[in-house]
């Protein structure tokens with residue numbers, strides 16, 4: 010069984026740039042959720058994708074967007090980066106039908122915006 | 018507003034002592050609550066959820082709707098319990114609302 014993998018592990022960008030983060034879901038999972046975790050805080054829900062459609066969204070501006078592919082992998086895109094976007098971005102996969110409680114997390118991508 | 022509060026950022030106990038990690042929530046609907054744990058150099062993982070009424074690694078958590086709490090308890094802490102613990106509340110829009118976390122240190 011393959012776990013959730015995220016790439017890259019670390020990334021440095023400058024303000025105003027765009028970034029794409031990638032996530033491969035755990036084998037057999039068809040749902041992917043993205044979270045932002047600022048230093049000293051718990052993860053904050055960005056959005057969820059199920060069967061290639063957005064299936065719920067947190068309180069994040071439209072410059073945060075995503076995609077899910079037929080193999081259930083996913084991308085998180087952030088445009089016009091701001092300094093406050095510096096955080097750990099976590100991807101979690103789950104199997105729809107069990108609710109979103111059984112989340113299997115990746116190790117995250119640490120994004121630094123300078 | 019729906020939120021989860023973990024009042025203690027840090028908690029330190031001695032091995033063999035009881036431990037209680039506090040979690041309070043604010044939610045108008047019927048709550049679904051969870052505890053997630055992150056051990057050193059490992060990824061975040063589910064510890065337990067209230068609907069299962071299970072005990073994992075000796076930990077239990079009881080939902081108290083009157084006090085809007087879901088405290089995590091273990092009667093005898095072990096050194097391997099040292100980790101970051103997050104309480105989480107599941108919302109209708111597939112949002113999982115996490116608390117800020119409590120870092121538990123179990124001293125020998």
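Protein chains in written order, with the numbering used here: chain A, 10 to 123; chain B, 18 to 125. In this text, a Cβ means the ideal position worked out from N, Cα and C, and glycines have one as well.
Residue 38 (chain A) vs residue 119 (chain A) beta-carbon contact at 8 Å: no
Sub-8 Å separation of residue 28 (chain A) and residue 123 (chain A) beta-carbons: no
Threshold first: 3 residues or longer. Then list the beta strand (DSSP E) segments lying entirely within the segment 44 to 91 of chain A, N to C. 53 to 59, 62 to 66, 73 to 77, 83 to 87
Cβ closer than 7 Å: which chain A residues qualify as neighbours of residue 112 (chain B)? 54, 65, 67
Which same chain residues end up closer than 8 Å to residue 72 (chain B) when comparing Cβ atoms and leaving out the 5 residues on each side of it in sequence? 65
Looking at chain B, is there any beta carbon in it that lies within less than 8 Å of the beta carbon of residue 48 (chain A)? no
Per DSSP, which one or two residues make a beta bridge with residue 18 (chain B)? Per DSSP, none; premise fails for residue 18 (chain B).
Nearest to residue 24 (chain A) (by Cα), restricted to the options A:81, A:65, A:92: A:92
Along chain B, which residues have their Cβ under 7 Å away from the Cβ of residue 77 (chain A)? Ordered by position in chain B, no residue passes the 7 Å Cβ test against residue 77 (chain A), which lies about 13 Å from the chain.
Quick one: is residue 103 (chain B) near chain A, going by C-beta distance under 8 Å? yes
Considering only the beta carbon of each residue, do residue 125 (chain A) and residue 99 (chain A) sit closer than 8 Å? The question about residue 125 (chain A) has no answer here: the residues shown for chain A are numbered 10 through 123.
From the beta carbon of residue 116 (chain A), is the nearest beta carbon of chain B less than 8 Å away? yes
Helix, strand or coil for residue 84 (chain B)? Go by DSSP, reduced to three states. coil
Where the beta strand (DSSP E) through residue 109 (chain B) begins and ends: Per DSSP, residue 109 (chain B) belongs to no beta strand (DSSP E) and is neither H nor E.
What are the residues that DSSP puts in a beta bridge with residue 49 (chain B)? B:107
I'd like to know whether the C-beta of residue 118 (chain B) is nearer than 8 Å to at least one C-beta of chain A. yes
Just by C-beta distance, which residues in the segment 62 to 89 of chain B are closer than 9 Å to chain A? 62, 63, 66, 68
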